[in-house]
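Protein chains in written order, with this note's numbering: chain U, 1463 to 1574; chain E, 42 to 153. Using N, Cα and C, we set each Cβ at its ideal position, and we do this for glycine too.
Here's what the structure looks like:
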């Protein structure tokens, strides 16, 4: 069964610093999503990555996918307070049962 | 374009009661998925509907059920509520099952 692991689960960083969140998954998948959730709010789609080597960027966030390593990264460049949120990766199971399996999320706090 | 709407937003029930939650997808979206979100378990997939048919189901007991109507609106029902059913229930819609899901604000259920 597909398992998705994110690390770290908690991250406190200073404004202006760079950091990377990792998402590992255990079996073959054909797409990986990154979402953001602000406290008390719903989830907002950030990126969908479809193929090996895919890289997507939006502002200070950049996501990449290595399907051979079954690894996606979400890189934060020069963090600002507004990026404080919980970030989730979700992987769609390949095969017949194509449900979306979610990581536990990375709770990011960007401090001044 | 209106987003995904969920009603009610908040609900308090007692053990043994049943509850029905409603979800209206983004106009034109025909796929609706339901998730349970709790602090300990994260986001867990409940079921996915497309064109009024349940396509996938998560590992939840039979007390959890759902349906989708011809206008793509969906409902989920939980019978014989237990304390552990207290959670945020999120609905997400997409054009078709494989595409990016857009989430509603959720229904926060508290079971006493």
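- Taking a C-beta distance under 8 Å as the contact criterion, residue 1525 of chain U and residue 1564 of chain U do not qualify as a contact pair.
- Boundaries for residue 104 of chain E: no beta strand (DSSP E) harbours it, and the DSSP string shows neither H nor E there.
- Fewer than three pairs of CB atoms, one per stretch, sit closer than 8 Å, so the region 102-111 of chain E makes no contact with the region 133-147 of chain E.
- The beta carbon of residue 1537 of chain U sits closer than 6 Å to the beta carbons of 1482 and 1524 from its chain, once the five residues preceding and following it are set aside; these are given in chain order.
- C-alpha of residue 1489 of chain U to C-alpha of residue 1567 of chain U: approximately 19 Å in a straight line.
- For residue 1555 of chain U, the enclosing beta strand (DSSP E) stretches over residues 1547-1555.
- Per DSSP, the unbroken beta strand (DSSP E) holding residue 128 of chain E starts and ends at 128-135.
- Nearest C-alpha to residue 143 of chain E among U/1480, U/1487, U/1506 and U/1477: U/1506.
- Judged by DSSP secondary structure, residue 72 of chain E falls within the beta strand (DSSP E) whose first and last residues are 72-79.
- The alpha-carbon of residue 1534 of chain U is positioned some 37 Å away from that of residue 61 of chain E.
- Assigned with DSSP and collapsed to three states, residue 1505 of chain U falls in strand.
- Within its own chain, the residues whose Cβ lies closer than 8 Å to the Cβ of residue 1475 of chain U, once the five positions on either side in sequence are excluded, are 1481, 1538, 1541, 1570, 1571, 1572 and 1573, listed in chain order.
- Counting only Cβ-Cβ distances below 8 Å, residue 103 of chain E has no contacts in chain U at all, with the closest Cβ about 18 Å away.
- Within 9 Å of the CB of residue 131 of chain E, the CB atoms of chain U belong to 1504 and 1505, in sequence order along the chain.
- Think of a sphere of 7 Å around the beta carbon of residue 1510 of chain U: the chain E residues whose beta carbon falls inside it are 141, in chain order.
- Secondary structure of residue 1492 of chain U (DSSP, three-state): strand.
- From the beta-carbon of residue 1564 of chain U, the residues of chain E found nearer than 7 Å are 83 and 84.
- Nearest Cα to residue 128 of chain E within the set E/66, E/139, E/82 and E/95: E/82.
- Scanning E/76, E/69 and E/65 for the CA closest to the CA of residue 119 of chain E turns up E/76.
- Straight through space, the alpha carbons of residue 100 of chain E and residue 85 of chain E are spaced by roughly 9 Å.
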